[in-house]
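Asks: Before anything else, here's the structure in question.
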Amino acid sequence: MKKILVTGGLGYIGSHTVVELQLAGFEVVIIDNLSNSSKDVLQGIERITGIMPVFEELDLRDKQATITFFQKYDDISGIIHFAASKAVGESVTNPLLYYENNLSTLITVLQQIQHKKDISFIFSSSCTVYGQAEMMPISENAPIQQAFSPYGNTKQIGEEILKDTAKIAKGLQVISLRYFNPIGAHPSTEIGELPDGVPQNLVPFITQTAIGLRNELSVFGNDYPTEDGTCIRDYIHVVDLAKAHVTALKRLVDNAYKTSFEVFNIGTGKGSSVLEVIESFERVSKQQLNYKIVGKREGDVISAYADTTKANTILGWKATSTLDEAMLSAWKWEQKIR
Ligand code: NAD
Ligand code: WQD
Numbered sequence: 000m001k002k003i004l005v006t007g008g009l010g011y012i013g014s015h016t017v018v019e020l021q022l023a024g025f026e027v028v029i030i031d032n033l034s035n036s037s038k039d040v041l042q043g044i045e046r047i048t049g050i051m052p053v054f055e056e057l058d059l060r061d062k063q064a065t066i067t068f069f070q071k072y073d074d075i076s077g078i079i080h081f082a083a084s085k086a087v088g089e090s091v092t093n094p095l096l097y098y099e100n101n102l103s104t105l106i107t108v109l110q111q112i113q114h115k116k117d118i119s120f121i122f123s124s125s126c127t128v129y130g131q132a133e134m135m136p137i138s139e140n141a142p143i144q145q146a147f148s149p150y151g152n153t154k155q156i157g158e159e160i161l162k163d164t165a166k167i168a169k170g171l172q173v174i175s176l177r178y179f180n181p182i183g184a185h186p187s188t189e190i191g192e193l194p195d196g197v198p199q200n201l202v203p204f205i206t207q208t209a210i211g212l213r214n215e216l217s218v219f220g221n222d223y224p225t226e227d228g229t230c231i232r233d234y235i236h237v238v239d240l241a242k243a244h245v246t247a248l249k250r251l252v253d254n255a256y257k258t259s260f261e262v263f264n265i266g267t268g269k270g271s272s273v274l275e276v277i278e279s280f281e282r283v284s285k286q287q288l289n290y291k292i293v294g295k296r297e298g299d300v301i302s303a304y305a306d307t308t309k310a311n312t313i314l315g316w317k318a319t320s321t322l323d324e325a326m327l328s329a330w331k332w333e334q335k336i337r
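Shown next, in the form of structure tokens:
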């Protein structure tokens, strides 16, 4: 059974990916410093799969602890690297936290594996690297634009670090997955998103408003050049996203296929406006959402949704859940945890 390290594996996307890795027959070791997650997530994972993952509480900024980890676990076949800070707004007010946490940890992990004969590495990237792309849907060939935030910059720099390292580290194979907008929760309602404080993202703010935690949702602008005036995004069910990681990992660990550095856009290929997301929520929850239109949010792009041709044809992965299914899973999770 191949052993896979999942850094940030108790986080939102990481925990859903650990479940899919276990179901696919991989042995999982999680590293997490619990800076944005809870150890209770381990029990949630076990309740779904019946398998308690190995967990090492460790801050990847602690270089010596990371070195010791890799001396202990010298039989790792692959790494899925989720560990990072991800709040765009916070990255603007505290850039050094983001450059340190998102880049020094990546460099430290790569330093431990660069001489290995055969190691696969899946990187959590983001559609934010495209900025406001000229063409919709966005393909992997779309130009990388000046990052809108230090957070987005750490994803761009992270990909450059991986590309350059994979060129000289002959045993290292890298796939960078550029996620669009992950939403929803595992259908079991055993794991889901646990936003810290006031949610910055649309869907958790919707469900927290509906459950009564927030008074009303502010819709950031309805005079964009789109059909209903609100921004368009590609909202992908987090379980579909998790499965994309397993497919990408299998491409590297199972086959004789050899690569150095590949990129895939991971989305549904469908754009939905903010008002369409609200309508979806009201449809599946059978309740009205309290919201108001306010001014635009700084840094928002008008539209971003994926051209998933490459992921569908070369990676062999395709999202299967609808927006309604994802929104219903988010709502069921919110009701479970409140
Ligand atoms: P998350 O915050 O839920 O998960 C990140 C996990 O990493 C947390 O459990 C946190 O405790 C851990 N962590 C952070 N710094 C660490 C460190 N120094 N050492 C050890 N553990 C550390 O975030 P998420 O939404 O699951 O995102 C996972 C990855 O996907 C991140 O790299 C993020 O940038 C990327 N991503 C997320 C989204 C999104 O919308 N959620 C979109 C695109 C890309
Ligand atoms: C979606 C839409 C908002 C909240 C961010 C990061 C990106 C990635 C995913 C990490 C936008 C509107 C939102 C609200 C609203 N994260 N909105 N009221 O901004 O597309 O992407 O999360 O990698 O890097 O930038 O997602 O959910 O914040 O916003 O009207 O209270 O919902 O204007 O149009 P976004 P989001």
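All the letters of the sequence shown, read from the start, carry residue numbers 0 to 337 under numbering that gives the first Met the number 0. In this text, a Cβ means the ideal position worked out from N, Cα and C, and glycines have one as well. Just so it is clear, the structure is predicted and the values come from calculations on it, not from any experiment.
Whole angstroms is fine: what's the gap from Gly170's alpha carbon to Thr321's?
Replies: What you label residue 170 is simply residue 171 of the sequence shown in a count that begins at 1. What you label residue 321 is simply residue 322 of the sequence shown in a count that begins at 1. Taking the straight line joining both Cα atoms gives about 38 Å.
Asks: With a 10 Å radius around its C-beta and 16 neighbouring C-beta atoms as the bar for buried, classify Glu19 as buried or exposed.
Replies: Your numbering for residue 19 matches position 20 in the sequence shown. Glu19 comes out buried.
Asks: Any residues whose CB sits closer than 6 Å to a heavy atom of the ligand WQD? List them in chain order?
Replies: That query returns the following residues: Lys85, Val87, Ser125, Thr127, Asn180, Gln199, Asn200, Leu201, Phe204, Leu216, Ser217, Val218, Phe219, Cys230, Arg232, Val273, Arg296 and Asp299.
Asks: Measuring only from the beta carbon, is Phe81 closer than 6 Å to any heavy atom that is part of the ligand NAD?
Replies: Here residue 81 refers to the residue found at position 82 of the sequence shown. Yes.
Asks: Under DSSP, the beta strand (DSSP E) around Val27 begins and ends at which residues?
Replies: Within the sequence shown, numbered from 1, the residue matching residue 27 stands at position 28. That run of the beta strand (DSSP E) goes Glu26 to Asp31.
Asks: Helix, strand or coil for Tyr234, going by three-state DSSP, please let me know.
Replies: For the purposes of this step, residue 234 is taken as the residue at position 235 of the sequence shown. Reduced to three states, the DSSP call for Tyr234 is strand.
Asks: From Glu89 to Gly13, what distance separates their C-alpha atoms?
Replies: Within the sequence shown, residue 89 is the residue found at index 90, counting from 1. Within the sequence shown, residue 13 is the residue found at index 14, counting from 1. The alpha-carbon atoms of Glu89 and Gly13 are separated by roughly 21 Å.
Asks: Nearest-angstrom Cα distance between Thr258 and Lys317?
Replies: Residue numbering aside, residue 258 sits at position 259 when the sequence shown is read from its first letter. Residue numbering aside, residue 317 sits at position 318 when the sequence shown is read from its first letter. For Thr258 and Lys317, the distance between alpha carbons rounds to 21 Å.
Asks: By Cβ distance below 6 Å, which residues in the same chain neighbour Glu261 in space, the five residues on each side in sequence not counted?
Replies: For this step, residue 261 is matched to residue 262 along the sequence shown. So the list reads Ile174, once near-sequence residues are dropped.
Asks: If you follow the beta strand (DSSP E) that Arg177 is in, where does it begin and where does it stop?
Replies: Counting from 1 along the sequence shown, the entry for residue 177 is found at position 178. Its beta strand (DSSP E) spans residues Leu171 to Tyr178.
Asks: Of all the alpha helix (DSSP H) runs that stay within the bounds of the stretch 176 to 234, which reach a length of 4 or more residues?
Replies: For the stretch 176 to 234, whole alpha helix (DSSP H) runs of length 4 or above, ordered along the chain, are 201 to 210.
Asks: If Thr225 sits next to Gly315, beta carbons under 8 Å apart, how far is it from one beta carbon to the other, in whole angstroms?
Replies: Taking the first residue of the sequence shown as position 1, residue 225 is located at position 226. Taking the first residue of the sequence shown as position 1, residue 315 is located at position 316. Thr225 to Gly315, Cβ: 32 Å. No contact.
Asks: Using the DSSP secondary-structure output, state which residues sit across from Thr104 in a beta bridge.
Replies: Counted from its first residue, the sequence shown places residue 104 at position 105. Answer by DSSP bridge pairing: none, since Thr104 is not bridged.
Asks: In this structure, how does DSSP classify Asn311 when only helix, strand and coil are distinguished?
Replies: Translated into positions along the sequence shown, residue 311 becomes position 312. Here Asn311 sits in helix by DSSP.
Asks: What alpha helix (DSSP H) runs, 4 residues minimum, are completely inside the stretch 50 to 77?
Replies: Listed in chain order, the complete alpha helix (DSSP H) runs (minimum 4 residues) inside the stretch 50 to 77 are 62 to 71.
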